[in-house]
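Notes follow the structure.
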Amino acid sequence: EDKVVQSPLSLVVHEGDTVTLNCSYEVTNFRSLLWYKQEKKAPTFLFMLTSSGIEKKSGRLSSILDKKELSSILNITATQTGDSAIYLCAVDREETSGSRLTFGEGTQLTVNP
Amino acid sequence: ETGVTQTPRHLVMGMTNKKSLKCEQHLGHNAMYWYKQSAKKPLELMFVYNFKEQTENNSVPSRFSPECPNSSHLFLHLHTLQPEDSALYLCASSQGGPGTSGANVLTFGAGSRLTVL
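Protein sequences, first through last, are from chains A and B. Per this note's numbering: the first sequence = residues 1 to 113. Per this note's numbering: the second sequence = residues 1 to 117.
Listed below in structure tokens is the structure:
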């Protein structure tokens with residue numbers, strides 16, 4: 001059975017801090033790993049990673065995949081209160097019909113002013 | 001607004017009621033999904049429809065009944081639910097058909113918060 005484990009489950013930091021969120025996975029026929037941000041209701045897409053060692057960046061957020069270690073990290077530098085959210089990691093496996101994402105439990109990030 | 005619209009946003013129902021959740025996507029995507037999100041649990045995939053055909057039913061109890069009349073609309077019919085079915089139900093859609101790389105980036109709706117009394 002596919003499995004995604006995120007850590008920590010909860011994190012409280014102050015504005016300006018840098019945070020690193022972790023995601024490890026066990027999946028058959030891995031295709032990609034995805035990060036989503038869930039602020040209130042709808043998770044919104046952040047990154048999709050398919051190749052090891054290639055960093056994806058978007059502003060203060062960056063992420064990298066390590067296929068050897070079956071893991072990924074999501075970094076947020078100079079955090080702001082607007083970064084407070086649940087960060088979801090999901091892995092996708094090769095399927096013949098659409099997507100088959102397995103999600104982790106999520107990391108609840110709280111950024112205090 | 002993500003392009004995926006869910007109604008109602010909140011629903012309270014008794015165990016003997018019958019209700020439906022609705023999802024509509026305006027993105028031209030080919031696949032649609034129902035996920036369940038309970039407190040302190042990962043999102044659970046419930047159903048997948050690809051080009052209106054159900055391709056996955058993830059061992060969901062029969063008190064949940066999906067319907068996909070076309071590739072833009074998805075329903076989840078609810079009847080004789082249990083209190084443990086209270087959760088946030090998220091609809092999502094994705095681009096692309098079988099085996100395409102675009103299929104794995106989901107666009108989610110804002111969800112329907114269901115409370116079963």
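The C-beta atom is built at its ideal place from N, Cα and C for all residues, glycine as well. Please read all numbers here as calculations on a predicted model, not as lab measurements.
Any C-beta of chain B under 9 Å from that of residue i
i: residue 57 of chain A; result: no
i: residue 92 of chain A; result: yes
i: residue 12 of chain A; result: no
i: residue 105 of chain A; result: yes
i: residue 45 of chain A; result: yes
i: residue 67 of chain A; result: no
i: residue 88 of chain A; result: yes
i: residue 34 of chain A; result: yes
i: residue 101 of chain A; result: yes
i: residue 42 of chain A; result: yes
i: residue 27 of chain A; result: no
Buried versus exposed call for residue i [16 or more other C-beta atoms within 10 Å across all chains shown]
i: residue 94 of chain B; result: buried
i: residue 72 of chain A; result: buried
i: residue 79 of chain A; result: buried
i: residue 54 of chain B; result: exposed
i: residue 42 of chain B; result: buried
i: residue 10 of chain B; result: exposed
i: residue 82 of chain A; result: exposed
i: residue 26 of chain B; result: exposed
i: residue 20 of chain A; result: exposed
Between the CA atoms of residue j and residue i - distance to the nearest angstrom
i: residue 115 of chain B; j: residue 90 of chain B; result: 14 Å
i: residue 28 of chain A; j: residue 52 of chain B; result: 26 Å
i: residue 58 of chain B; j: residue 36 of chain B; result: 11 Å
i: residue 8 of chain A; j: residue 74 of chain A; result: 12 Å
i: residue 70 of chain B; j: residue 31 of chain B; result: 10 Å
i: residue 112 of chain B; j: residue 40 of chain B; result: 17 Å
i: residue 14 of chain A; j: residue 111 of chain A; result: 5 Å
i: residue 17 of chain A; j: residue 11 of chain A; result: 12 Å
i: residue 55 of chain A; j: residue 105 of chain A; result: 23 Å
i: residue 46 of chain B; j: residue 66 of chain B; result: 9 Å
i: residue 98 of chain B; j: residue 23 of chain A; result: Note that residue 98 of chain B has pLDDT 47, beneath the 50 cutoff, so the model's placement of it is unreliable and the number below is only indicative. Each residue's Cα considered, the two are about 27 Å apart.
i: residue 3 of chain B; j: residue 73 of chain B; result: 12 Å
i: residue 76 of chain A; j: residue 6 of chain B; result: 30 Å
Contact with chain A by residue i, beta-carbon distance below 9 Å
i: residue 40 of chain B; result: yes
i: residue 105 of chain B; result: yes
i: residue 111 of chain B; result: yes
i: residue 11 of chain B; result: no
i: residue 7 of chain B; result: no
i: residue 117 of chain B; result: no
i: residue 48 of chain B; result: yes
i: residue 80 of chain B; result: no
i: residue 60 of chain B; result: no
i: residue 64 of chain B; result: no
i: residue 75 of chain B; result: no
beta-carbon residue i near the ligand NAD non-hydrogen atom, thresh 8 Å
i: residue 72 of chain A; result: You won't find the ligand NAD in this model; it holds no ligand whatsoever.
Beta-bridge partners of residue i, as assigned by DSSP
i: residue 61 of chain A; result: A:58 and A:76
i: residue 44 of chain B; result: B:36
i: residue 13 of chain B; result: B:116
i: residue 118 of chain A; result: There is simply no residue 118 of chain A to check, as chain A begins at 1 and stops at 113 in what is shown.
i: residue 104 of chain B; result: Looking at the DSSP assignment, residue 104 of chain B forms no beta bridge with any residue, so it has no partner.
i: residue 58 of chain B; result: None; residue 58 of chain B has no bridge partner.
i: residue 93 of chain A; result: A:30
- Query: When the Cβ atoms of the region 72-83 of chain B are set against those of the region 7-24 of chain B, are three or more pairs found closer than 8 Å?
  - Reply: yes
- Message: Tell me whether the region 29-49 of chain B and the region 58-66 of chain A touch, counting them as touching only if at least three CB pairs, one residue from each stretch, are closer than 8 Å.
- Response: no
- Message: So, does the region 17-32 of chain A touch the region 77-95 of chain A, judging by three or more C-beta pairs under 8 Å?
- Response: yes
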